[in-house]
Amino acid sequence: MASVMEIYQLLPKTNCKECGKSTCMAFAVDLLARKVKVDDCTPLVNDAKHKANYETLSEMFASVKNVTETGLIVHDEKCIGCGNCVVACPVNVANDPLGAGSGKAPTSDKVIFKVEDGVVKARNVQECRRFGENKILCVACIDTCPTKAIEFV
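End of the sequence shown sits at 207 in the working numbering; the numbers just go up one at a time, nothing left out.
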């Protein structure tokens, strides 16, 4: 997924406020957070000179399928099923100390990541530390993935 600056570079940068935001940068931040839609930027939609950028942004945000409530995506086509994320996830370790917590396959149904048919599957995503009232920016699963198959958007 693109960064806020990459999204901002594709916007008209007119600060017209037609989207309800004070600046195009504020719109980019909210677009990345999924609080607004690409189509909410009137100049981007209506002005022909921004057509290519509109299409790029639309494609960028349309491609985010199978996203969990936490913004988690596991790209099956990139995953090699190594299980690094399974044993690195702090929630998996806490909820399954004898399985994932000891570097083995999970023995509990309370884990977030589990390798099934050679690919990691996300379960119980509501338990993720990136979700809920006391969320934190945990990246243990991302940092340990050698193929960058795990992404938060």
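The beta carbon of each residue, even a glycine, is placed where N, CA and C say it ideally should be.
Leaving aside the five residues that flank C192 on each side, the residues in its chain whose CB is nearer than 7 Å to its CB run, in chain order, P144, R183 and R184. Under the three-state reduction of DSSP output, V169 falls in the strand class.
Taken through DSSP and simplified to helix, strand or coil, K175 comes out as strand. If you ignore the 5 residues before and after F81, its C-beta comes within less than 7 Å of the C-beta of L65, C73, K75, V90 and C95, all in its own chain and listed in chain order. Inter-residue distance for S57 and K103 is about 23 Å (C-alpha atoms, whole angstroms). Counting C-beta pairs closer than 8 Å gives fewer than three between the segment 131-149 and the segment 105-115, which falls short of the contact rule. Taking the CA atoms as reference points, G155 sits about 21 Å from C133. Comparing C-alpha distances from K189 to each of V179, I127 and P200 shows the shortest one belongs to V179. The Cβ atoms of A203 and V128 lie closer than 8 Å to each other.
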